[in-house]
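Participant: My structure is below; once you've seen it, I'll send some questions.
In the working numbering, the protein residues as written are 5 to 131.
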């Protein structure tokens, strides 16, 4: 049944002009169908009566437009990131494997007496 016909029936039921059972008889459909149309109309207006194919098509168009916007934004950020990466001199930034990060002589990791924070030298097992 076309959405316009469903809308007319639902409006007559909502206004109290006819009951659901009368509307069902006149439209030659079940009372459940008229009840469903009424519920769909109340929940989603006229679009609720148009059927899922039309609603899905509209939602799909919205999602496609959103995807296009997001791709454009992602492309802009990618270009900005690439230009920033090219402007940074990576050689000026030491890597974790460079000599600058090696432990200094006398550090606690080597266990030397100079680095110990305990009076009298490093703690020894059994002390």
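Ideal Cβ positions, reconstructed from N, Cα and C, are used throughout, including at glycine.
Taking just the CA atoms, how far does residue 40 sit from residue 49?
Facilitator: In the chain shown, counting from the first residue as 1, residue 49 sits at position 45. In the chain shown, counting from the first residue as 1, residue 40 sits at position 36. In a straight line, the C-alpha of residue 49 is about 13 Å away from that of residue 40.
Participant: If you follow the alpha helix (DSSP H) that residue 7 is part of, which residue opens it and which one closes it?
Facilitator: Within the chain shown, numbered from 1, the residue matching residue 7 stands at position 3. That run of the alpha helix (DSSP H) goes 7–19.
Participant: So, for residue 78: in the same chain, excluding its five sequence neighbours on each side, which residues have a beta-carbon less than 8 Å away from its beta-carbon?
Facilitator: Start at 1 with the first residue of the chain shown, and residue 78 comes out as number 74. Here the set comprises nothing.
Participant: Give the secondary structure of residue 22 by DSSP, where H, G and I count as helix, E and B as strand, and everything else as coil.
Facilitator: Within the chain shown, residue 22 is the residue found at index 18, counting from 1. Coil.
Participant: Using three-state DSSP, classify residue 32 as helix, strand or coil.
Facilitator: Here the question's residue 32 lines up with position 28 in the chain shown. Correct three-state label for residue 32: coil.
Participant: Residue 12 and residue 25 - do their beta-carbons sit closer together than 8 Å?
Facilitator: Within the chain shown, residue 25 is the residue found at index 21, counting from 1. Within the chain shown, residue 12 is the residue found at index 8, counting from 1. Taking 8 Å as the Cβ cut-off, residue 25 and residue 12 do not qualify as a contacting pair.
Participant: Which word fits residue 81, buried or exposed, when buried means at least 16 other C-beta atoms lie within 10 angstroms of its C-beta?
Facilitator: Within the chain shown, numbered from 1, the residue matching residue 81 stands at position 77. With fewer than 16 other Cβ atoms within 10 Å, it is exposed.
Participant: Can you tell which of 91, 92, 46 and 6 has the C-alpha that lies nearest to the C-alpha of residue 15?
Facilitator: The residue labelled residue 15 in the question sits at position 11 within the chain shown. Ranking 91, 92, 46 and 6 by Cα distance to residue 15 puts 46 first.
Participant: Determine the contact status of residue 17 and residue 38, defining contact as a CB-CB distance below 8 Å.
Facilitator: Locating residue 17 in the chain shown gives position 13, where the first residue counts as 1. Locating residue 38 in the chain shown gives position 34, where the first residue counts as 1. Closer than 8 Å, so yes.
Participant: Could you check what DSSP says for residue 92 in three-state terms: helix, strand or coil?
Facilitator: Sequence index remark: in the chain shown, residue 92 carries index 88 (1-based). Reduced to three states, the DSSP call for residue 92 is coil.
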